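Colleague:
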Amino acid sequence: MTTADFLIKGVSLPDGKKNDIALANGVISSIGTAFKGEARTVIDAKECVVLPGLVDLHTHLREPGREDAETVLSGSRAGVRGGFTAVSAMANTSPVADTAGVVEQVYRLGQEAGLLDVFPIGAVTQGLKGEALSEIGAMADSVARVRVFSDDGNCVSDPLVMRRALEYIKKFGGVIAQHAQDPRMTVGSQMNEGEISARLGLKGWPAVAEEAIIARDVLLADHVKSRLHICHLTTAGGVEIIRWAKARGIDVTAEVTPHHLLLTDDLASSYDPVYKVNPPLRTEGDVHALREALADGTIDIVATDHAPHPTESKECEWQEAAFGMLGLETALSIVQKTMVDTGFMSWNQVADRMSIAPARIGGYQNHGQPLVVGSIANLVVINPTLKWTVDRDLVLSKSTNTPYHGHELPGVITHTFFKGAATYSNGNIASIGGK
Amino acid sequence: MKHLLSIADLNKSEAISILDTATELGRVSDGAVKKLPTLRGRTIVNLFAEDSTRTRISFEAAAKRLSADVINFSAKGSSLSKGESLKDTAMTLQAMGADAVVIRHPASGAAQRLAESEWMSGSVVNAGDGTHEHPSQALLDAFTIRKHLGMGGTDLSGLSVAIVGDILHSRVARSNVLLLSMLGAKVTLVAPPTLLPVGIQSWPATVSYDLDAVIPHVDVVMMLRVQQERMSDLFFPNAREYSRYFGLNGERMANMKSGAIVMHPGPMNRGLEISAEVADSARSVITEQVTNGVSVRMAILYVLLAGGALEVGSN
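In structure tokens form, the structure reads like this:
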């Protein structure tokens, strides 16, 4: 019997069964109740749960172009601290990831960082302008093997452009990830349109501006028999449309962010732009509908929409501030708080929504694998019995715009394993690769 | 009380004590020597990131009558127009030793950001922030209404007020709804449905689309300015149609209750939301609002900086 690199002792599998898991040569080498061999590192994990490594389908790594906010390396570090073994780099960089050259650059930076897999997302349209298709085929055929395309940050609002994009990606089994926001209905919008926006005098971002695009696009996906993914769903009405579309057999998936599972629009009353995000924080009723939909599978996955911004973009008036908040380092804790501790979901469902399903949607091999002997050892170990307090000055992201500063959250991630190596262990990031 | 950011910061007795203090201070303005030494040696900065002659000179006059040193800091030609951040401006004012900043800003919440940040330590008076609030305007409006129609009471119980026009974008309306209802008045908002915010149901006011139905029943008709930029943004078909349904003209004024008054926060669009005949009529208290504005702003600065209301009857 070979010596294991790691032995995770007494850990609960997602289904609750306690086991010893041994890792050797980058794979899970044994799972059983009584590991007999040698191990270089033994981890006492009897209070912990092990999940397949988390997969984020929606991450803004900002490189190239805004390295002052985040880099592929700093975002990778934040990712492994959050239990991720794969992240998807959104295309709204500068230059935009609308050519094979840019996606290959981002992919290569991810490989160099070496902490997790960085899968670039390609832009649907040139320059995210919503007019002409980008080099979708070239990006798909590149080293980065792009399968997910999105103009995120912008909506592909022209229905003809959306139709053509949905059709074109069928050639290689791709998916269009739509940022559902009717641009005309949201000119200058600042926050959810409702009682709070009326009182605060901030321009409203109505739920219907999201729902109208979702409704249109599920019908388009049905018509051309292609695959659609809805980014960051935020409204109860949007949930109803997805539920209807799935019942009809339309090939649509949807994501929800951790912050939309927890935070509500009344936080804007502080006028603190740390709560300014697109799509905006909605109401209690929406939050409840999103939690139910994630639990029953109407919403397929949790995706962070990790959106780092430099200090000056948030230290200003609300309407001047940038949209977006950090998400990678707190995602699993927020999901435990909102979905597990509330009884909405089991850890088995968490494994599905945060690893298995996003890996399937993105076509990411070696991620979201079942925890069986022989699987690539991409894992996260979390101690759900411990709590921690978020400190924006201690985040690993280059930016500090977390809305949870000072919040006590449940669930301490103790280890992240990427291809059998401990990229994160008890507060320490592995010094793999990097620059 | 350290700041005045929103009417929601005040309770009823605090609001009434500002009005009472304004009454007392108004007597100073009527006297031969118009100055009180109260704020001698204190520095008040008028930080106007948005053009507003009327509000700025009103605050300036108020501060000077209390003997404060006044610094005017306006958008045009200043560092604000060169892209300086609110944070840097605030830290500059802090370094200059401003005891209070009166801020007018195009961004809703700018005054609150200034007050709740660690950028400066002085008092902050909101002189209008975006489409959020304009509390000193509401206080001077309440003061004017009380003076005319208050029947000797301290509050506005029993009175009905219609606020007419662009409620959606009006900071004057937001502050007045909160203040007038707190003081016991019944508030009706009259506007085309496009100019009423979604979510207005939670406001302490009733809503009507029909000015003619409301006019005969109210003691105060407060007209709001229609901004030029609304004309091109689909809120109503054209200026003439707006004026026909929501403008206050002589014919409509004739249906007002006897003794009812007409108000407008200014600047007016004569011929659009208000006709010249109405603006210059005996019912109009529009210029008196301006006069009262100085007393009310003196009272606000007095309460914030001199540490409390003026005893009624003292002098």
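Sequence order for the protein chains is A and B. Positions 1 to 435 (this note's numbering) are the ones given, in order, by the first sequence. Positions 1001 to 1315 (this note's numbering) are the ones given, in order, by the second sequence. Ideal Cβ positions, reconstructed from N, Cα and C, are used throughout, including at glycine. Bear in mind the structure is a predicted one, so any value in this text is a computation, not a measurement.
For B/Gln1112, go through chain A and note every residue whose CB falls closer than 7 Å to its CB, in chain order.
Modeller: Tyr271
Colleague: According to DSSP, what are the bridge partners of A/Pro52?
Modeller: A/Leu379
Colleague: Report whether the distance from the Cβ of B/Val1290 to the nearest heavy atom of the ligand PLP is below 8 Å.
Modeller: In terms of ligand content, the structure shown is empty, and the ligand PLP therefore cannot be addressed.
Colleague: Can you tell me the Cα-Cα spacing of A/Ser29 and A/Ala22, whole angstroms?
Modeller: 5 Å
Colleague: Taking DSSP's pairing of strands, which residues face B/Val1177 in a bridge?
Modeller: In the DSSP assignment, B/Val1177 forms no beta bridge with any residue.
Colleague: Which of the three DSSP states, helix, strand or coil, is assigned to B/Asn1315?
Modeller: Per-residue confidence for B/Asn1315 stands at a pLDDT of 43, beneath the threshold of 50, marking its modelled position as unreliable; the derived number appears in the next sentence. B/Asn1315 falls in the coil class under three-state DSSP.
Colleague: Counting C-beta neighbours from all protein chains within 10 Å, is the total for B/Ala1265 16 or more, i.e. buried, or is it exposed?
Modeller: Note on residue identity: the sequence assigns Pro, not Ala, to residue 1265 of chain B. Answer is buried; the Cβ neighbour count reaches 16.
Colleague: Name the chain A residues that come within less than 9 Å of B/Leu1086, Cβ to Cβ?
Modeller: Glu315, Cys316, Glu317, Glu320
Colleague: Work out the CA separation of B/Trp1203 and A/Arg291 for me, nearest whole Å.
Modeller: Computed Cα separation, rounded: 30 Å.
Colleague: Per the DSSP calculation, A/Val302 is bridged to which residue(s)?
Modeller: A/Val256
Colleague: So, for A/Ala138: in the same chain, excluding its five sequence neighbours on each side, which residues have a beta-carbon less than 6 Å away from its beta-carbon?
Modeller: Beyond the five residues adjoining it in sequence on each side, A/Ala138 comes within less than 6 Å, by CB distance, of Ala100 in the same chain, given in chain order.
Colleague: Does any C-beta atom of chain E lie closer than 9 Å to the C-beta of B/Arg1171?
Modeller: Among the protein chains in the structure shown, which are A and B, there is no chain E.
Colleague: Can you grab the Cα-Cα spacing for the pair A/His229 / B/Val1161, in whole Å?
Modeller: 51 Å
Colleague: For A/Arg199, is the classification buried or exposed, using 16 other Cβ atoms within 10 angstroms of its Cβ as the cut-off for buried?
Modeller: It is buried - the Cβ of A/Arg199 has at least 16 other Cβ atoms within 10 Å.
Colleague: Are A/Gln122 and A/Glu135 close, meaning C-beta to C-beta below 9 Å?
Modeller: Note that residue 122 of chain A is Gly in the sequence shown, not Gln. The answer is yes: Cβ separation under 9 Å.
Colleague: Taking C-beta to C-beta, are A/Arg353 and A/Leu396 nearer than 9 Å?
Modeller: no
Colleague: Check the Cβ-Cβ distances between A/Glu312 and every residue of chain B, and say whether any is below 9 Å.
Modeller: yes
Colleague: In chain B, which residues lie less than 8 Å from A/Ala198 when you measure between Cβ atoms?
Modeller: Pro1197, Val1198, Gly1199, Ile1200, Ser1202, Trp1203
Colleague: Identify the contact partners of B/Ala1107 in chain A, using a Cβ-Cβ distance below 8 Å as the criterion.
Modeller: Against chain A, a Cβ distance below 8 Å from B/Ala1107 picks out Glu317, Trp318, Gln319, Glu320.
Colleague: Apply the 10 Å Cβ neighbour rule to B/Met1222 and answer buried if 16 or more other Cβ atoms are within range, or exposed otherwise.
Modeller: buried
Colleague: Which of the three DSSP states is assigned to A/Thr402 in this structure?
Modeller: In this structure, A/Thr402 counts as coil in the three-state DSSP scheme.
Colleague: Considering only residues of the same chain and omitting the five flanking positions on each side of A/Thr3, which have a CB-CB separation below 8 Å?
Modeller: Ala24, Gly37, Glu38, Ala39, Arg40
Colleague: Give me the Cα-Cα distance between B/Gly977 and B/Asn1238, rounded to the nearest whole angstrom.
Modeller: Lying outside 1001 to 1315, the shown extent of chain B, residue 977 of chain B is not represented and no answer is given.
Colleague: Could you tell me which chain A residues have their CB closer than 7 Å to the CB of B/Thr1362, listed as they occur along the chain?
Modeller: Only positions 1001 to 1315 of chain B appear in this structure, which leaves residue 1362 of chain B out of reach.
Colleague: Tell me the rounded alpha-carbon separation between B/Thr1216 and B/Ala1191.
Modeller: According to the sequence shown, residue 1216 of chain B is Pro rather than Thr. Looking at the two C-alpha atoms, the distance is approximately 16 Å.
Colleague: Interface residues of chain B around A/Glu193 at Cβ under 9 Å?
Modeller: Pro1197, Val1198, Gly1199
Colleague: Per DSSP, which residues does A/Phe84 bridge with? Please list them.
Modeller: A/Leu54
Colleague: Can you pull the DSSP bridge partners for A/Pro410?
Modeller: Here A/Pro410 is bridged, per DSSP, to A/Lys387.
Colleague: Secondary structure at A/Met191, three-state DSSP: helix, strand or coil?
Modeller: strand
Colleague: In chain A, what lies closer than 7 Å to B/Arg1027 by C-beta?
Modeller: Those within 7 Å of B/Arg1027 in chain A number zero; the least Cβ separation is about 35 Å.
Colleague: Look up B/Phe1246 in the DSSP assignment and give the residues it is bridged to.
Modeller: Partner residues in a beta bridge of B/Phe1246, as assigned by DSSP, do not exist.
Colleague: Ignore the nearest five residues each way along the sequence and tell me which others in B/Thr1170's own chain have a CB closer than 6 Å to its CB.
Modeller: Here residue 1170 of chain B is Ser; the residue named in the question, Thr, does not match the sequence. Same-chain partners within the cutoff: Leu1224.
Colleague: How big is the Cα-Cα spacing for B/Met1298 and A/Ala212?
Modeller: 51 Å
Colleague: List, in chain order, every chain B residue whose beta-carbon is nearer than 9 Å to that of A/Gly204.
Modeller: Pro1197, Val1198, Gly1199
Colleague: Establish whether the CB of B/Arg1104 and some CB of chain A are separated by less than 9 Å.
Modeller: No, because no Cβ of chain A sits closer than 9 Å to the Cβ of B/Arg1104.
Colleague: Can you find a C-beta in chain A that's less than 9 Å from the C-beta of B/Arg1174?
Modeller: yes
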